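Residue numbers (the working numbering), protein chains in the order written: chain A, 481 to 1062; chain B, 481 to 1062.
Glycine included, each C-beta is placed from N, C-alpha and C at the ideal position.
Because the structure is a prediction, the values reported are computed rather than measured.
Take a look at the structure below.
There are 2 protein chains.
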Amino acid sequence: MYRSHHCGELRSENIGHEVTLAGWVQRTRNMGGMTFVDLRDRYGITQLSFNLEKDEKLCEAARKLGREFVIQVQGVVIERESKNDRLDTGHIEIEVRELKVLNESQTPPFTIEDETDGGEEVRMKYRYLDLRRNPLRKNLELRHKLGFETRKFLSDQGFLEIETPYLIKSTPEGARDFVVPSRMHGGEFYALPQSPQTFKQILMVGGYDRYFQIVRCFRDEDLRADRQPEFTQIDCEMAFVEQEDILNTFESLVRHLFQEVKGIDLPDYQRLTYAEAMRRYGSDKPDIRFDMEFVELTDVAQGKDFVVFDSAEIVVGICAKGAASYTRKQLDQLTDFVKRPQIGAKGLIYCRVNEDGSMKSSVDKFFNEADLQQWKSKFNAEPGDLILVLAGETDKTRKQLNELRLEMGNQLGLRDSKTYAPLWVIDFPLLEWDEDGKRFLAMHHPFTSPKPEHLSLLDSDPGSINANAYDMVINGVELGGGSIRIHDQKLQARMFEILGFTKEEAEKQFGFLMGAFKYGAPPHGGIAFGFDRLAAMFGGTDSIRDYIAFPKNNAGRDLMIDSPSSISADQLEELSLNITQE
Amino acid sequence: MYRSHHCGELRSENIGHEVTLAGWVQRTRNMGGMTFVDLRDRYGITQLSFNLEKDEKLCEAARKLGREFVIQVQGVVIERESKNDRLDTGHIEIEVRELKVLNESQTPPFTIEDETDGGEEVRMKYRYLDLRRNPLRKNLELRHKLGFETRKFLSDQGFLEIETPYLIKSTPEGARDFVVPSRMHGGEFYALPQSPQTFKQILMVGGYDRYFQIVRCFRDEDLRADRQPEFTQIDCEMAFVEQEDILNTFESLVRHLFQEVKGIDLPDYQRLTYAEAMRRYGSDKPDIRFDMEFVELTDVAQGKDFVVFDSAEIVVGICAKGAASYTRKQLDQLTDFVKRPQIGAKGLIYCRVNEDGSMKSSVDKFFNEADLQQWKSKFNAEPGDLILVLAGETDKTRKQLNELRLEMGNQLGLRDSKTYAPLWVIDFPLLEWDEDGKRFLAMHHPFTSPKPEHLSLLDSDPGSINANAYDMVINGVELGGGSIRIHDQKLQARMFEILGFTKEEAEKQFGFLMGAFKYGAPPHGGIAFGFDRLAAMFGGTDSIRDYIAFPKNNAGRDLMIDSPSSISADQLEELSLNITQE
């Protein structure tokens, strides 16, 4: 062992002890005849002191230490003259007797500090240095703890963690698969799983009753800022359950995690149907830390010769409490905000409620005080409030207003990062219409069970069917989602038909699952949580990349190891492959 | 919830309770006016009773239930007339009031019993049915427990579980990689990791101090019976440690697992150097549950005109206690055993120690009684013992004799499956000479540190260098292995050179690691355990396939999902690939 203690361990009660420490040089300071070195490891920082008068050679050696040198020291724990209460070890220091350089270091390309000076690209290339910074270390420690507590809770509830294969079979549904050419079976491919969905259902058919797995999943998508080609799920499935059982079980899991990891008692979960969530918040993952619910004005706003409203399917707005003081400039910025291409509104109508209760709007040309008082009463608006209104096609307008609502929540400080408002969104539609492909797509996935009371609509009006599907949403972030599954072979076959599979395609891709359903499949359902996102939410930030030890960049590239990369001609030949273009 | 209790839960104290159960029909028996159904789930079996007189319709319905039907019943717990003490629920049964078939089942292609009548192929195809059998269920429960206890122990010791990427970079060293074509970077490939070796070293450079991960690894090898293209490792690494620290830490881990999972106190670990293990047992993973150590006869056996011995590099044997009674037929079978192509010996010499202490050998033509008495004394053989001798090239002959020793151990009942004899094999050679490639290969991997005292041999005699490398062996099974790593950039570069890498190759493949070593790499080392094999050892069998939920067959094929399989022309085009042959 290179050390008797680690760098976060020594306290006043150790004064007088002979110790050996090892770690990295965080910083060296020369103060007259003394040299101080901050020695760092995962556990903390301990101050080393070298006295020029007592041991000149040793002190000179200490003065030559560079940042990030790896050293081992022997010495005695002494009381510190100027104590540092911000450090756990701040009351002591080590009077060093022996110093050994275990490894030197070049000067790092950026500083290893909480706030670093390195750009994202260079920090990804030198990930081993970035990982030394406290914020990243704390993130990965948090992730470890979340994983362990998840396993503990679920194991205590009788769940078994069962590993499912990574080399599976490509299915052209949904997102693109990564594929893996087989050498032994030239021209054939495995695929990496987008999720262990069918395997966990097979485990239910196999009688495993309660399954979970913290498991890597893969999706070959064009990456957005917050997506990774490989990501981790907490994947769960239960047999002999109804939706209510799943919601209760996993509410308890997340409650346990908040309690154990953050020491927070999560408030009760609210529930919203998908339809309600869209109507009241314009989003299937509303942030309900604050109200500012949508109010529809269509009936009172139309027929006043304002063509924007009159031609709209919906006129809908929000009331921002106390924001009547917004300046013209601020209102223009809000208009610019909703007109950005990512949001796509054509314009923004506003209406201030003055201190005397009278109204002042951007559409005074079309609406008189009496009209606007109608708005005010619809919103229950009070003096000092600001009403913001959008109009257009229902779905689009609601989505735009959702963005505006979140932005106003931010601007008014209503999205407190220390407040957690958990929510289940339930009763998702079973299908969504794909205008391009002129066909129905599964909103969740093809294994989701229709609500039993909607089964009769399968032939007449499949688009109106709701599913036993649910999402867990906290503070506007979708942490997980799942559904009760189909366990009847005939219903599953019918679903594939509705989704446009031929019998042959369904059989080729999912024959094993439909086969399994012929041998006594129990009712079952489950849920999957995005583990990267869960960790980020617990860490209090949005960037999942900071919670992954070795993330890829937006081009799906690992800048540290420089991958993907070319492979040898021999390898290609063994795999029976040619590259068509480079 | 479809049930108030599961099928392993009800006891005498529940008599009189109204309950709801759900599960699979294991078996139906009609006894006069009564019908009994064994209802099964993961947790156990509960007997259901139906009385023809009390409720004819219900009883008739029960009589129509087929094997593996999924049913739900409501009823009252009553005392069982003929109690079954082998079942936890054997004192009660359920007098059923209501019966609901949740799903029917076709007749399974094999019986769902502890000893099934299904062949391997059909059981893999219908894995969901095979998984219902008790032995497999117990195996996966054991695996879950081993995984959980491993995580608990290591977390308690300050290890962090950190996930490393699955989409990494191909390195032509060692076994073949599975590769993953990149769509976004046409013509380039990721590779699936054979182990997270370089990433865990990077984590040590990043200051994480103690890392572990239970992680899937991939190797595209021509499969042997006990190999899988994907397998799971318990992968561990520690910084600021010497070999002794690693051995102690992971001895404790395995001791903890034996204690928690099997309730067994593991005896002390023995230690053998690689050289000693080869000399005394002819194997780097000897089964030391029994002695039967090798004894070399070269000096006393040569020069007696027996050309087989005289032309041999080594004459070496074992003494099988009490086996002098082996018949001629048994001895012929042993000779056939060592002459099998997998073992490859040319013949077997035996020598019985008679009850009167005299000797009777298969080479009496060449050796007189006095010669044979010399053998006897070398072996410390006693009346009733059987000496078995092989001769030839040293390495080959030792390996052959190892096989014979294990076979004799089996035949003489010396390999008790309830006895555990743990062992560290240490001081492995750093390199092995590859006769085909006329070059050195890394025996462990290119990151293994030479013993410091052997560093001076790097230029003069690299083949004689030993490494700080170690294997954990229990009962002749290698459970894990590891090494202290190189952490000096120059030494690592020199190692690549010795292994025949050009500077460019080394830089292209491992530049990031050598780069990392320039920024303060701490001394570090680690170990990895084969988790599938560990589970099999704890389960008491050799077949790792029975400890994997969804294994592949010897051709690397998943028979249930039928993978690998072809992919669409569109997918190939997107990946910029052509298939050269089918």
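Any C-beta of chain A under 8 Å from that of residue i
i, result
"residue 904 (chain B)", "no"
"residue 964 (chain B)", "no"
"residue 648 (chain B)", "yes"
"residue 583 (chain B)", "yes"
"residue 765 (chain B)", "no"
"residue 723 (chain B)", "no"
"residue 976 (chain B)", "no"
"residue 668 (chain B)", "yes"
"residue 548 (chain B)", "yes"
"residue 665 (chain B)", "yes"
"residue 1018 (chain B)", "no"
"residue 1051 (chain B)", "yes"
"residue 925 (chain B)", "no"
"residue 710 (chain B)", "yes"
"residue 967 (chain B)", "yes"
"residue 761 (chain B)", "no"
"residue 608 (chain B)", "yes"
"residue 673 (chain B)", "no"
"residue 481 (chain B)", "yes"
"residue 627 (chain B)", "yes"
Interface residues of chain B facing residue i [CB-CB closer than 9 Å]
i, result
"residue 624 (chain A)", "635, 639, 640, 641, 642"
"residue 656 (chain A)", "663, 1051, 1054"
Interface flag, residue i vs chain B, CB-CB below 8 Å
i, result
"residue 1015 (chain A)", "no"
"residue 677 (chain A)", "no"
"residue 1062 (chain A)", "With a pLDDT of 49 at residue 1062 (chain A), under the threshold of 50, the predicted position of this residue should be treated as unreliable, though the coordinate-derived value follows. Interface residue, yes."
"residue 998 (chain A)", "yes"
"residue 659 (chain A)", "yes"
"residue 1002 (chain A)", "yes"
"residue 960 (chain A)", "no"
Those residues which DSSP pairs with residue i across a bridge
i, result
"residue 693 (chain B)", "B:715"
"residue 1027 (chain B)", "Answer by DSSP bridge pairing: none, since residue 1027 (chain B) is not bridged."
"residue 999 (chain A)", "B:585"
"residue 613 (chain B)", "Answer is none; residue 613 (chain B) lacks a bridge partner."
"residue 512 (chain A)", "The partner list for residue 512 (chain A) (beta bridge, DSSP) is empty, contrary to what the question assumes."
"residue 527 (chain A)", "A:518"
"residue 580 (chain A)", "A:552"
"residue 1058 (chain B)", "A:1058"
Chain B contact residues for residue i, given Cβ-Cβ distances below 7 Å
i, result
"residue 620 (chain A)", "640, 642"
"residue 1034 (chain A)", "Here the premise fails: no neighbours, minimum Cβ distance about 10 Å."
"residue 588 (chain A)", "999"
Neighbouring residues, chain A, relative to residue i (Cβ below 7 Å)
i, result
"residue 754 (chain B)", "Within 7 Å Cβ-Cβ: nothing; residue 754 (chain B) doesn't reach chain A, min ~24 Å."
Contact set between residue i and chain B, taken where Cβ atoms lie within less than 8 Å
i, result
"residue 600 (chain A)", "Neighbours of residue 600 (chain A) on chain B: none; closest Cβ ~17 Å, over 8 Å."
"residue 984 (chain A)", "Under the 8 Å cutoff, chain B gives no residues; its nearest Cβ is about 14 Å from residue 984 (chain A)."
**Report entry** Given 8 Å, three or more beta-carbon pairs between the region 895–911 of chain A and the region 752–772 of chain A
**Finding:** yes
Requested in this report: Report yes or no: do three or more beta-carbon pairs, one from the region 529–542 of chain A and one from the region 565–581 of chain A, lie closer than 8 Å?
Outcome: yes
Report task. Count the CB pairs spanning the region 918–928 of chain A and the region 945–954 of chain A that are closer than 8 Å, and state whether there are at least three. Result -> yes
Requested in this report: Could you pull out every unbroken alpha helix (DSSP H) segment of at least 4 residues lying fully inside the region 798–858 of chain B, listed in chain order?
Outcome: 808–819
Query - Stretch-stretch touch, CB-based, cutoff 8 Å, three pairs: the region 780–798 of chain A with the region 869–887 of chain A - result: yes
Report task. Give, in chain order, every unbroken run of the beta strand (DSSP E) that is at least 3 residues long and sits entirely within the region 886–965 of chain B. Result -> Uninterrupted beta strand (DSSP E) stretches at least 3 residues long and entirely within the region 886–965 of chain B occur at 902–906, 911–914, 919–922, 949–954, 957–964, given in chain order.
Report task. Tell me, please, whether the region 806–822 of chain A touches the region 752–761 of chain A by the rule of three or more beta-carbon pairs shorter than 8 Å. Result -> As far as the Cβ criterion goes, the region 806–822 of chain A does not touch the region 752–761 of chain A, which means the pair count is below three.
Requested in this report: Report yes or no: do three or more beta-carbon pairs, one from the region 637–654 of chain A and one from the region 614–628 of chain A, lie closer than 8 Å?
Outcome: These segments do not touch.
Requested in this report: Entirely within the region 592–644 of chain A and at least 4 residues each: give me those alpha helix (DSSP H) ranges in chain order.
Outcome: 600–605, 607–610, 614–636
Query raised in the report: Along the chain, which unbroken stretches of the alpha helix (DSSP H) at least 4 residues long are found entirely within the region 763–800 of chain B?
Result: 778–781, 787–790
Query - Segment contact flag, the region 712–719 of chain B with the region 687–694 of chain B, C-beta cutoff 8 Å, min 3 pairs - result: Touching, yes, given that three or more Cβ pairs across the two stretches are closer than 8 Å.
Report task. Report yes or no: do the region 488–496 of chain B and the region 665–683 of chain B share at least 3 C-beta pairs separated by less than 8 Å? Result -> Short answer: they don't touch.
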